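Engineer:
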Amino acid sequence: MILVVVAHADGRVGRSTFGLIAAARQIGRSGPVTALVLGSGVAGVATEIAPYVDQVLVADREELAQYDPQVWAAAVAQIAHEGEADTILLTASRSGRESSARVAVKLDAALLEDVVSVVDRQGALVAERYSCLARVTERIEALSPVVVVSVKPGIFAAAEPTGAEPGEQYDVELAVPPARVRVTGKVRYATDRIALADADVVVSGGRGVGDAAGFERLVVGLADQLGAAVGATRAVVDAGWRPYSEQVGQTGKTVQPKVYIAVGISGAVQHLSGMNKSRLIVAINKDSEAPIFRVCDFGIVGNVESVVPAMIEQIAAARLSRAGS
Ligand SMILES: Cc1cc2nc3c(=O)[nH]c(=O)nc-3n(C[C@H](O)[C@H](O)[C@H](O)COP(=O)(O)OP(=O)(O)OC[C@H]3O[C@@H](n4cnc5c(N)ncnc54)[C@H](O)[C@@H]3O)c2cc1C
Numbered sequence: 001m002i003l004v005v006v007a008h009a010d011g012r013v014g015r016s017t018f019g020l021i022a023a024a025r026q027i028g029r030s031g032p033v034t035a036l037v038l039g040s041g042v043a044g045v046a047t048e049i050a051p052y053v054d055q056v057l058v059a060d061r062e063e064l065a066q067y068d069p070q071v072w073a074a075a076v077a078q079i080a081h082e083g084e085a086d087t088i089l090l091t092a093s094r095s096g097r098e099s100s101a102r103v104a105v106k107l108d109a110a111l112l113e114d115v116v117s118v119v120d121r122q123g124a125l126v127a128e129r130y131s132c133l134a135r136v137t138e139r140i141e142a143l144s145p146v147v148v149v150s151v152k153p154g155i156f157a158a159a160e161p162t163g164a165e166p167g168e169q170y171d172v173e174l175a176v177p178p179a180r181v182r183v184t185g186k187v188r189y190a191t192d193r194i195a196l197a198d199a200d201v202v203v204s205g206g207r208g209v210g211d212a213a214g215f216e217r218l219v220v221g222l223a224d225q226l227g228a229a230v231g232a233t234r235a236v237v238d239a240g241w242r243p244y245s246e247q248v249g250q251t252g253k254t255v256q257p258k259v260y261i262a263v264g265i266s267g268a269v270q271h272l273s274g275m276n277k278s279r280l281i282v283a284i285n286k287d288s289e290a291p292i293f294r295v296c297d298f299g300i301v302g303n304v305e306s307v308v309p310a311m312i313e314q315i316a317a318a319r320l321s322r323a324g325s
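Take the sequence shown: its letter number 211 is residue 211 in the working numbering, and every next letter is one higher.
1. Mind checking whether Pro-153 and Thr-91 have CB atoms under 8 Å apart?
2. Roughly how many whole angstroms lie between the Cα atoms of Phe-18 and Arg-294?
3. Check whether the Cβ of Asp-211 lies closer than 7 Å to any heavy atom of ligand 1, and answer yes or no.
4. At which residue ranges does the stretch 46-79 contain complete beta strand (DSSP E) runs of 3 or more residues, listed in the order of the chain?
5. Quick check: Ala-179 and Val-71, are their CB atoms within less than 8 Å of each other?
6. Measuring only from the beta carbon, is Asn-285 closer than 7 Å to any heavy atom that is part of ligand 1?
7. The alpha helix (DSSP H) that contains Val-304, what's its start and end?
8. Using the beta-carbon count (16 or more within 10 Å), is Val-202 buried or exposed?
9. Taking Cβ positions, are Glu-48 and Arg-25 nearer each other than 8 Å?
10. With distances taken Cα to Cα, identify the nearest neighbour of Ala-283 among Val-219, Gln-314, Trp-241.
11. Under 8 Å Cβ to Cβ from Ile-194, same chain only, skipping five residues before and after it: list those, please.
12. If you run the structure through DSSP and keep just helix, strand and coil, what is Leu-329?
13. Consult DSSP for Val-33 and reduce its assignment to one of helix, strand or coil.
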């Protein structure tokens, strides 16, 4: 059995989980692809994921209302052990990385961490992951029969429904250990803008936009016209122009939108590792030798101060004429 631990928030399945299911199918091990839904009041999550998998295991318990790596790991390990899962997949988000290591220890299993590909080669799981600031892609092989795999978010394209009947749902019994940590407060930063991980179009800005005001005017301005998510380089985040939540790259988010527009970004390898799987990459940079031009599909050599306002103007005019017709 391949066990896929479902990430969810606000009663919806997280987008990264559909990538996990794609990874589970790519592995090609025998046994049902099984979704595991942990939480409290998660019936809707179980129903949403059912069409994508062969079966769904649901642990709907009050004690699981709040994510806790220790409790979560114990639950995943127990269910994996009882269900004789040979492969356990989690998203390599912060919380997924926290619990995957614990699950691996509990199951005495190999841990393939933050992988970007994974397949079964004659019974052994072989995966790839980035190392050395994403300059190197390592191939790693699990040497144990049971393997825990955390998958880098945004790498695998979302799985489609199986097309068969939705997977059968089963409630599972759990011996949940008492939590050792309590969450005493939570502040949520509300934004109307589409999340980076969910966006079809991402407009990202780099140091080439000049300053925080330039970023707002050019990058956010272009994103507004396109209904796109906003991304940034680490240089921009380090300068305090934008929040870390918008950072794209090796130490930020990995995105794979239909269109990625890089505004004033040099294309350092650490940035590229977070966006180079985008379907179409458009780059605007005044330096024709900038490395971003080696990975883009369309490149504009020019000053962002003249190119981007012209783009905004053209798009706004096209939208207006479409609205009028
Ligand atoms: C361990 C580690 C992890 C890292 N993780 C990340 C990460 O997750 N994400 C990330 O992005 N970086 C990361 N970095 C940093 C990375 O190495 C680069 O420093 C960073 O991506 C550069 O950002 P930038 O392209 O905005 O700036 P720069 O490299 O300074 O590039 C600015 C570009 O703008 C162009 N430009 C300037 N003015 C204009 C103009 N008026 N019009 C048009 N073009 C203009 C320039 O030609 C230049 O190419 C990491 C580094 C390390 C060491």
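In this text, a Cβ means the ideal position worked out from N, Cα and C, and glycines have one as well.
Source: prediction; values computed, not measured.
Structural biologist: The relevant details are as follows:
1. Pro-153 is a Cβ neighbour of Thr-91, given a cutoff of 8 Å.
2. Straight-line Cα distance between these residues: approximately 30 Å.
3. Proximity of the beta carbon of Asp-211 to ligand 1 is not indicated: no heavy atom of the ligand is located closer than 7 Å.
4. Assignment of beta strand (DSSP E) within the stretch 46-79, counting only whole runs of 3 or more residues, yields 55-60 in chain order.
5. Using a Cβ distance threshold of 8 Å, Ala-179 and Val-71 count as a contacting pair.
6. Because some heavy atom of ligand 1 lies under 7 Å away, the Cβ of Asn-285 counts as near it: yes.
7. Start and end: 304-324.
8. Taking all protein chains in view, the Cβ of Val-202 is crowded by 16 or more other Cβ atoms within 10 Å, so the residue is classified as buried.
9. No, these two residues do not count as a Cβ contact at 8 Å.
10. The option with the nearest alpha carbon to Ala-283 is Val-219.
11. Take Ile-194, set aside five residues on each side of it, and the residues of its chain with a beta-carbon closer than 8 Å to its own are Gly-227, Ala-228, Ala-229, in chain order.
12. A question about residue 329 goes unanswered here, because the residues of the chain that appear run from 1 up to 325.
13. DSSP, read as helix, strand or coil, puts Val-33 in strand.
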